[in-house]
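Single-structure report; data block below.
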Amino acid sequence: MAITELWQSALFTGGMQGIYGFLLIASIVTAMLTRGGRRQSLRPRVYAWWLMLPLIHAALLFKSTGLLLLIALIAILAFRDLFRISQQRFRFVFVAACLLLMTAAIVLSDAIPQAVQIALLMLLPVVFLWRSDRHIVSSHQHSLLFAWAGCCSGLACLYLLLPATGDAPEQQMRWLFFLMVMTCFNDVAQFISGSNFGKQRIAASISPNKTWQGVAGGVLVSSLLATFFGNYLALAPLPLLAVLGAVLSVCGLLGDLWFSMIKRRLQIKDFSSLIPGHGGILDRADSLMLTAPAMLIFLNIWNTH
């Protein structure tokens, strides 16, 4: 489908209108909740999506090429963040290992069954978690290795998603569209719910702002959004979409906690200040490092039935 045809696609245009409408509602609710100087951290967190969503929109217009460029942009900015906080003597090792892993994932994508690829990529961060003294992420270097490993495995899974949905480019674009939208708005839903109703913290020592009420709000919104949006895109049956939305929401939370733990160990607040109110690209793409593998696993199971 050419770009001009894609612009005229009622499915794509309607979907984007719905997403922008959802973000507009979230922005209005945020403006109401922050009147009088309350919860000021909400505004930049939500409003920054008006900068990021058009980038996703533009990438989708160019289909596979645009999505590849978007993945490459995320990778470059993520590795830039990690490179910046890495110690001078370890930078070459980190970059070389990262390039080797990403190259291997691309070169071997047709030679190794995708189920094996997923297992290896998901085991990679676990390997870096393990130490002989049984302490988790107990040093600066080990924390950085864990961050690099998680970033590599997540981005490799995101790349593998491109052929994972079969040969139909349109269906391929729909699933990736679905994943990115779900990951983005789960973050917004969890943050708004947690900021307004959060009481019981999940892991105060890792991420004090994460609460069970925020998770519940994120899961609820994600399940509903997945049901309606996935049905609109004609992706899967409604019950399956609802479950997938909940799973992606939980995976997004775990990805957030994963990188929050790393930041806590490295004694930094954000990986960088690239995005106002959000920090660096890794501060926003951390959820994607687990939602992408989860989506890849789902699609491999779904495509075999």
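The letter at position 216 of the sequence shown is residue 216 when you use the working numbering, and the numbering goes up by one with no holes. For every residue, glycine included, the Cβ atom is placed at its ideal position computed from N, Cα and C.
Looking only at its chain, what residues have a beta carbon closer than 6 Å to the beta carbon of residue i, apart from the 5 residues adjacent to it on each side?
{"i": "residue 290", "result": "251, 254 and 255"}
{"i": "residue 7", "result": "Here the model assigns residue 7 a pLDDT of 41, short of 50, so the residue's position is not dependable, and the following value carries that caveat. Once the five neighbours on either side are set aside, residue 7 has no close Cβ partner at all."}
{"i": "residue 288", "result": "183"}
{"i": "residue 70", "result": "59"}
Rounded to whole angstroms, what is the Cα-Cα separation between residue i and residue j?
{"i": "residue 195", "j": "residue 27", "result": "14 Å"}
{"i": "residue 48", "j": "residue 275", "result": "7 Å"}
{"i": "residue 238", "j": "residue 294", "result": "18 Å"}
{"i": "residue 31", "j": "residue 246", "result": "27 Å"}
{"i": "residue 266", "j": "residue 79", "result": "16 Å"}
{"i": "residue 5", "j": "residue 12", "result": "A caution first: residue 5 carries a pLDDT of 46, below 50, which makes its placement in the model unreliable, though a value can still be read off. If I take the Cα positions, the gap works out to 10 Å."}
{"i": "residue 249", "j": "residue 230", "result": "15 Å"}
{"i": "residue 263", "j": "residue 156", "result": "22 Å"}
{"i": "residue 136", "j": "residue 204", "result": "Reliability of the predicted coordinates at residue 136 is poor, the pLDDT of 46 falling under 50, and no value is obtained from them."}
{"i": "residue 215", "j": "residue 190", "result": "6 Å"}
{"i": "residue 301", "j": "residue 172", "result": "15 Å"}
{"i": "residue 18", "j": "residue 25", "result": "10 Å"}
{"i": "residue 243", "j": "residue 292", "result": "16 Å"}
{"i": "residue 67", "j": "residue 174", "result": "12 Å"}
For residue i, which of helix, strand or coil comes out of DSSP?
{"i": "residue 280", "result": "coil"}
{"i": "residue 34", "result": "coil"}
{"i": "residue 273", "result": "coil"}
{"i": "residue 303", "result": "coil"}
{"i": "residue 205", "result": "coil"}
{"i": "residue 210", "result": "strand"}
{"i": "residue 199", "result": "coil"}
{"i": "residue 162", "result": "helix"}
{"i": "residue 285", "result": "helix"}
{"i": "residue 179", "result": "helix"}
{"i": "residue 235", "result": "coil"}
Terminal residues of the continuous alpha helix (DSSP H) containing residue i?
{"i": "residue 239", "result": "238-266"}
{"i": "residue 58", "result": "49-61"}
So residue i is in the beta strand (DSSP E); what residue range does that whole segment cover?
{"i": "residue 86", "result": "Residue 86 -> no beta strand (DSSP E), and no H or E assigned at all."}
Got a sec? Which residues, its chain only, sit under 8 Å from residue i by beta carbon, not counting five neighbours each side?
{"i": "residue 273", "result": "279 and 280"}
{"i": "residue 57", "result": "16"}
{"i": "residue 20", "result": "53"}
Is residue i close to chain B, meaning its C-beta is less than 8 Å from at least one C-beta of that chain?
{"i": "residue 227", "result": "Among the chains in the structure shown there is no chain B, since it carries only a single protein chain."}
So, under 8 Å CB-CB, residue i and residue j are touching, yes? Tell me the CB distance rounded to an integer number of Å.
{"i": "residue 298", "j": "residue 282", "result": "Not confirmed; about 24 Å, so no contact."}
{"i": "residue 220", "j": "residue 185", "result": "Incorrect: roughly 12 Å between the Cβ atoms, too far for contact."}
So, at 7 Å on beta carbons, what are the nonlocal neighbours of residue i in its own chain, with the 5 sequence-adjacent residues on each side left out?
{"i": "residue 380", "result": "A query on residue 380 cannot be resolved here, the shown segment of the chain reaching from 1 to 305 and no further."}
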